[in-house]
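Residue numbers (this note's numbering), protein chains in the order written: chain A, 152 to 388; chain B, 1356 to 1726. Worksheet: one structure, shown below.
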Ligand SMILES: Nc1ncnc2c1ncn2[C@@H]1O[C@H](COP(=O)(O)OP(=O)(O)OP(=O)(O)O)[C@@H](O)[C@H]1O
Ligand SMILES: [Mg+2]
């Protein structure tokens, strides 16, 4: 095969017959989804509004439980995890469309928040936060509050925060959805760099087909189902 | 940034609400300090009085209001005849409204008894004999009544000249109007009646022997009670009432405090649902979120407790100088009371944080985030 099967690594996520209902079964957000995501893949999830992309990402991040079917992370069922917060803390980083920064904490503090669940000392937390913020080009804004930053800057803080505990997987739900094209480009560039340089596994929900085209694989969804899996040409060459 | 920073940040984000809650707790704790400080102070003052005079056992009636009921002074001879009794003297103690003072201790003391011994004359003199129609004033009583030697004091229907001002070396002594027993018996129509027999035991008497003495007296005087001086205060009816009132008011203050803090913390938790969702999403354990809420409410309690202790101490100082109370007791401002009060406030904080904390830690992260 070609570069497309660059995801030669082991299986990170394995979903089988994954379903999610809301409101006591009235809303079927996921109607039976199957897929594998392998180590080092950069998977884009696309599809019309309401097709269940965010719902799927929440399952992957164990922010919510599937109604039916199985979802495992590196061979272990996520539903069997004793404490999903350990998994969220150590294994994954989350990036959201609306940033979800804590308004009463500075940029540096926001990045340190996830580190409380690790054994890092106060000094180590600070140093690490500053390194991460430097890597996203925000070393000069450490003491600012999120409300003092532009949208692009806020999302870069969120990216730094998602990396706080050195996760192996990044889950991003329309990270550029609230950004203008220039800032979006900057954020995408950062994500690509993380994928390339750290070999992080990435699952990114997006409406932007240009961004999807940068992924190693695209999962297309409709009405709570996966309708198509494509490998963009850029990677096939 | 430390975890403590996170906790503090949670409180100062709503300064007005935090401030009002703190005010609520501190008023509550202030009330606790004032009331309990008064009742402890009463206990301490009486204890000190007995100690200064050198009273080992007090015989009095079990029932009565603020002061025990009167009984025949013939009991004195029987008590005096018992073994292990070195000295006895009788007292008729009344709580009376005197002129502008609503409540004053009026102490009629058997002439020649040891209760006169420790009175140090500051001005004037003591009464000449048991028949002299005159009073001496403790120095605080003189201040409260605004009387000097040569003035008169009206007790019941009689005008008695003030012949001396004395220092009794205890607040309760200094707050009293002191006169000869037979004079007080006469003007209060209590001829032949007293309500206390104060007993001294010989030096070197063991506590066990004193207890035995008390039991013997109780056998002779069924409706009475002989008490070790150290136990006297706790069994006085008036004191028991005051203590019950101070604790029940304190309990009320504590309950109000708990509701106030709980309300604040619940509001905080509702308001911060979204942020708690973020914390869960970035991997915070539920336990840590519960702990954060508990620390916030404990900190609220602690800060409220510290300011409340300040308020209470101020309240006690004001009361100490209030004419109505001046000389009846010396408020207790012991470190024990202050520390207990702060500890109560912290417990109030933690208890009030339990339910809000539990609620916040049970939030579903996806629900919380989608708000
Ligand atoms: N908490 C919820 N309660 C009830 N229905 C929900 C809930 N969350 C999502 N849904 C429903 O589930 C379906 C899928 O929602 P989801 O958010 O996954 O869509 P999406 O693909 O992310 O859409 P968009 O592109 O607009 O973000 C929608 O019909 C939505 O209304
Ligand atoms: Mg969505």
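We put the CB at the ideal spot given by N, CA and C, even for glycine.
At a CB-CB cut-off below 7 Å, which residues of chain B make contact with residue i?
i, result
"residue 295 of chain A", "Within 7 Å Cβ-Cβ: nothing; residue 295 of chain A doesn't reach chain B, min ~15 Å."
"residue 215 of chain A", "1719 and 1721"
Name, in chain order, the residues that DSSP records as bridge partners for residue i.
i, result
"residue 1460 of chain B", "B/1450 and B/1531"
"residue 1478 of chain B", "B/1520"
"residue 186 of chain A", "A/166"
"residue 1492 of chain B", "B/1520 and B/1532"
"residue 1509 of chain B", "B/1514"
"residue 372 of chain A", "A/377"
"residue 1579 of chain B", "B/1416"
"residue 178 of chain A", "A/173"
"residue 1657 of chain B", "DSSP lists no partner for residue 1657 of chain B."
"residue 1429 of chain B", "Answer by DSSP bridge pairing: none, since residue 1429 of chain B is not bridged."
"residue 195 of chain A", "A/355 and A/369"
Apart from the five residues on each side of it in sequence, which residues of its chain come closer than 8 Å, Cβ to Cβ, to residue i?
i, result
"residue 242 of chain A", "224, 318, 319 and 320"
"residue 1437 of chain B", "1568, 1571 and 1572"
"residue 305 of chain A", "250, 252 and 297"
"residue 1513 of chain B", "1488 and 1542"
"residue 158 of chain A", "Any reading at residue 158 of chain A needs caution, since the residue's pLDDT is 43, under 50, leaving its predicted position unreliable; the model's value is listed next. The answer, listed in chain order, is 188, 189, 190, 191, 192, 367 and 368."
"residue 1448 of chain B", "1422, 1460, 1461, 1462, 1463, 1550 and 1551"
"residue 277 of chain A", "259 and 263"
Which residues in the same chain as residue i place their Cβ atom closer than 6 Å to its Cβ, once the five residues preceding and following it in sequence are excluded?
i, result
"residue 1646 of chain B", "none"
"residue 233 of chain A", "none"
"residue 1468 of chain B", "1444"
"residue 1601 of chain B", "1390, 1391 and 1394"
"residue 1373 of chain B", "1366"
"residue 335 of chain A", "327"
"residue 1656 of chain B", "1700, 1701, 1703 and 1704"
"residue 1617 of chain B", "1707"
"residue 258 of chain A", "292, 293, 295 and 308"
"residue 1465 of chain B", "1444, 1445 and 1536"
"residue 1667 of chain B", "1385, 1388 and 1389"
"residue 1516 of chain B", "1489 and 1507"
Could you tell me which chain B residues have their CB closer than 8 Å to the CB of residue i, listed as they occur along the chain?
i, result
"residue 263 of chain A", "1356"
"residue 236 of chain A", "1635, 1638, 1639, 1640 and 1641"
"residue 200 of chain A", "Ordered by position in chain B, no residue passes the 8 Å Cβ test against residue 200 of chain A, which lies about 15 Å from the chain."
"residue 273 of chain A", "1356 and 1357"
Using a Cβ-Cβ cut-off of 7 Å (strictly less than) and excluding sequence neighbours within five positions of residue i, which residues of its own chain qualify?
i, result
"residue 1473 of chain B", "1407, 1408, 1523 and 1524"
"residue 1692 of chain B", "1388, 1391, 1392 and 1395"
"residue 1721 of chain B", "none"
"residue 346 of chain A", "193 and 353"
"residue 1661 of chain B", "1697"
"residue 1477 of chain B", "1494, 1520, 1521 and 1522"
"residue 208 of chain A", "322, 324, 354 and 356"
Interface residues of chain A around residue i at Cβ under 9 Å?
i, result
"residue 1724 of chain B", "209, 214, 247 and 251"
"residue 1364 of chain B", "253, 255, 256 and 260"
"residue 1651 of chain B", "Those within 9 Å of residue 1651 of chain B in chain A number zero; the least Cβ separation is about 13 Å."
"residue 1714 of chain B", "Chain A residues near residue 1714 of chain B: none, gap ~17 Å exceeds 9 Å."
"residue 1368 of chain B", "254 and 255"
Could you work out which residues of chain B lie near residue i, taking near to mean beta carbons separated by less than 9 Å?
i, result
"residue 316 of chain A", "1637 and 1638"
"residue 381 of chain A", "Chain B residues near residue 381 of chain A: none, gap ~28 Å exceeds 9 Å."
"residue 133 of chain A", "Since the first and last residues shown for chain A are 152 and 388, residue 133 of chain A lies out of range."
"residue 239 of chain A", "1635, 1636, 1637, 1638, 1639 and 1720"
"residue 312 of chain A", "1637"
For residue i, go through chain E and note every residue whose CB falls closer than 7 Å to its CB, in chain order.
i, result
"residue 1372 of chain B", "In the displayed structure, chain E is absent; the protein chains listed are A and B."
Applying a beta-carbon distance threshold of less than 7 Å, which residues of chain A neighbour residue i?
i, result
"residue 1630 of chain B", "253"
### Task
Please confirm if the region 1520-1533 of chain B is in contact with the region 1543-1560 of chain B, defined as three or more CB-CB distances below 8 Å between the two stretches.
These segments do not touch.
### Message
Using a Cβ distance threshold of 8 Å, determine whether the region 1564-1572 of chain B contacts the region 1530-1546 of chain B, with at least three qualifying pairs required.
### Response
By the Cβ criterion, the region 1564-1572 of chain B is not in contact with the region 1530-1546 of chain B, since fewer than three pairs of Cβ atoms, one from each stretch, lie closer than 8 Å.
### Query
Does the region 1697-1716 of chain B come close enough to the region 1396-1409 of chain B to have 3 or more Cβ pairs within less than 8 Å?
Contact fails between the region 1697-1716 of chain B and the region 1396-1409 of chain B, because fewer than three Cβ pairs, one in each stretch, are under 8 Å apart.
### Query
Near ligand 2, which residues have their beta-carbon closer than 7 Å to a heavy atom?
Residue selection by CB proximity (closer than 7 Å to any heavy atom of ligand 2) returns A/204, A/205, A/324, A/325 and A/356 in chain order.
### Task
Please confirm if the region 303-316 of chain A is in contact with the region 264-277 of chain A, defined as three or more CB-CB distances below 8 Å between the two stretches.
In short, these stretches touch, since the Cβ pair count reaches three.
### Task
Specify whether the region 1636-1646 of chain B and the region 237-254 of chain A touch according to this definition: at least 3 beta carbon pairs, one from each stretch, less than 8 Å apart.
The answer is yes - the region 237-254 of chain A touches the region 1636-1646 of chain B, with three or more Cβ pairs under 8 Å.
### Query
Can we say the region 206-219 of chain A touches the region 1371-1383 of chain B, given the rule of at least three CB pairs closer than 8 Å?
Not touching, per the Cβ criterion.
### Query
Would you say the region 342-357 of chain A touches the region 183-203 of chain A, given that touching needs at least three Cβ pairs under 8 Å?
Contact check between the region 342-357 of chain A and the region 183-203 of chain A: three or more CB pairs, one atom from each, fall below 8 Å, which counts as touching.
### Query
Do the region 1493-1500 of chain B and the region 1427-1442 of chain B touch if we need at least three Cβ pairs shorter than 8 Å?
No, the region 1493-1500 of chain B is not in contact with the region 1427-1442 of chain B.
### Query
Should the region 1476-1492 of chain B be called in touch with the region 1572-1581 of chain B, which here means at least 3 C-beta pairs below 8 Å?
Too few Cβ pairs lie closer than 8 Å, so no.
### Task
Count the CB pairs spanning the region 281-296 of chain A and the region 321-328 of chain A that are closer than 8 Å, and state whether there are at least three.
With fewer than three CB-CB distances shorter than 8 Å, the region 281-296 of chain A does not count as touching the region 321-328 of chain A.
### Query
Okay, do the region 164-173 of chain A and the region 201-218 of chain A touch, 3+ Cβ pairs below 8 Å being the bar?
Output reads yes: the region 201-218 of chain A touches the region 164-173 of chain A.
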